[in-house]
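Working notes for the structure below.
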Amino acid sequence: MKTKQQRKQNNFVVKDRTIFLFDSLSIYNSSALLETVEWLLQQEEGQTLTLDLSGLTKIDSAGVITLHHLQEEAQKNNTPLEQTGATPSIAEKLELFKPNPYTKKPDAPALHPLENIGNKATRFVNEYVIKFSFFMADVLFWSATDLFSTRQRRKGEFVNQAISIGVNAVPIVVTLSFIIGLVLALQSASQLQTFGANIYIVDLIVISMMAEMGPLITAILIAGRSGSAIAAEIATMKVTSELDALKTMGLNPLRFLVVPKIYGSLITLPFLTILASVAGIIGGATVALTYLDITPEIFINRMPQVLYQKDIFTSIVKSLVYALIIVITGSFLGFQAERGAEGVGNETTKSVVASITLVIIADSILGLIFY
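Throughout the sequence shown, residue numbering follows our numbering, covering 1 to 371 in sequence.
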């Protein structure tokens, strides 16, 4: 066998399952020793090999790692590998760079399902509910303060946000509201015809669109369209350190970024809601004329009898509440972004889901208050 022959490579020789090292073992010559000993471990499986370090005078960290790695390989191959003859300085370096043995931590005991629920609920309250409450308080404070101070307000930003959030959303809001009003009237027409109550289609469409469907449809569309854009914008600024740059320049990110969006949404969402309600009523009037023979004149004359100022007031109040929810939720989750592009996408998705959920919850609460 090759192991029975005396072989000399670089700084070591192999004879009778003993590897004699001499001179130095460093990053420049440790690879040859590594390859040779690994080959011997495979060939001499189960038989003891010896590393004689008596002739070794110098060793660096790469050499130490090589010797420790060979010990690990020997254990894997069930082949004893002994080290002998190391001088005190060599032994000290081997001990100094000795890797810590890996010890697997014991698995934590499984928690009771109720404990898991409690932990998740506590984490949700601490990471979202409490932080969101403080964030909302800060936003509302600075929104009220900046009504009388324009030092940190970008010139023209309020107009830009009003156009982005409100004006640009008019086509999609009006179109979908018209379709929903049309479908709502169409589904109700056959039932009203059965009882000869065609005229009540006016009551159904006007009250539902003005007090309920108009604000809700508008809020859901704005949450998906503008709420996601707000979250993505702020999240991108967070992961690219632009928010840190604003702080370095002495600018408050809330006042600089969020407050103009609050103003823009509060001004435009009531108008969008009114447009949505009117478009839905027009859709219902179209069905009333087509299927129930109710002329526009009859429809318009019936409207004042069923539409009260309370319904209009309710619609406007709801739109203002929804505007605050959408902007604050999108901004809050944007500020929570981490881990680059993936984090931006995650927070944007969360903002849409959270905004729509909070809008529906708020709609239920306001419905109980006003009715």
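In this text, a Cβ means the ideal position worked out from N, Cα and C, and glycines have one as well.
Restricting attention to alpha helix (DSSP H) runs no shorter than 4 residues, the stretch 42-96 encloses them at 61-76 and 88-96, ordered along the chain. Counting every other CB atom within 10 Å of its CB across the protein chains shown gives Ile360 a total below 16, marking it as exposed. In this structure the stretch 208-218 does not lie against the stretch 344-354, because fewer than three pairs of beta carbons, one per stretch, are closer than 8 Å. Bounds of any beta strand (DSSP E) do not take in Ser149, whose DSSP letter is neither H nor E. Note on the stretch 207-256: whole alpha helix (DSSP H) runs with a minimum of 4 residues are 214-222, 228-239 and 242-248, in chain order. Distance between Gln83 and Pro109, taken at the CA atoms: about 42 Å. By the CB criterion at 8 Å, Ile234 and Gly334 fall inside the cutoff. Residue burial annotation: Tyr371 is exposed, with fewer than 16 other C-beta atoms found within 10 angstroms of its C-beta. Around the beta carbon of Tyr28, fewer than 16 other beta carbons lie within 10 angstroms, which makes this residue exposed. Three or more beta-carbon pairs separated by less than 8 Å are not found between the stretch 290-300 and the stretch 238-255, which leaves the two stretches without contact. For Thr18, no alpha helix (DSSP H) segment is defined; the enclosing uninterrupted segment is the beta strand (DSSP E) at Thr18 to Leu25.
As far as DSSP is concerned, Phe141 takes part in no beta bridge. The C-alpha of Val239 is placed about 21 Å away from the C-alpha of Ala354. Counting other Cβ atoms within 10 Å of its Cβ, Lys261 reaches 16 or more and is therefore classed as buried. Pairing Lys120 with Leu114, the inter-Cα distance amounts to about 10 Å. Inclusion of Ser226 and Ala144 in the CB contact set at 8 Å is not warranted, their separation being larger than that value. Around Ile90, the same chain offers Leu53, Leu56 and Ile59 as residues with beta carbons nearer than 7 Å, after the five sequence neighbours per side are excluded. A direct Cα-to-Cα measurement between Ile365 and Tyr322 gives close to 12 Å.
Cα atoms of Gly63 and Phe132: separation of roughly 55 Å, rounded to the nearest angstrom.
Scanning Phe97, Lys350 and Ala86 for the CA closest to the CA of Phe20 turns up Ala86. Scanning Asn126, Phe141 and Gly340 for the CA closest to the CA of Ser241 turns up Gly340.
The beta-carbon distance between Arg302 and Asp146, rounded to whole angstroms, is 45 Å. This is too long to meet the 8 Å contact definition. By the Cβ test, the stretch 158-175 is not in contact with the stretch 184-195, since fewer than three Cβ pairs between them sit closer than 8 Å. Under the three-state reduction of DSSP output, Lys98 falls in the coil class, being neither helix nor strand. Between the alpha carbons of Val259 and Met136 lies a gap of roughly 11 Å. The Cβ atoms of Thr66 and Arg17 lie no closer than 8 Å to each other.
Inter-residue distance for Phe148 and Thr268 is about 20 Å (C-alpha atoms, whole angstroms). Phe195 sits in coil when the DSSP states are folded into three classes, being neither helix nor strand.
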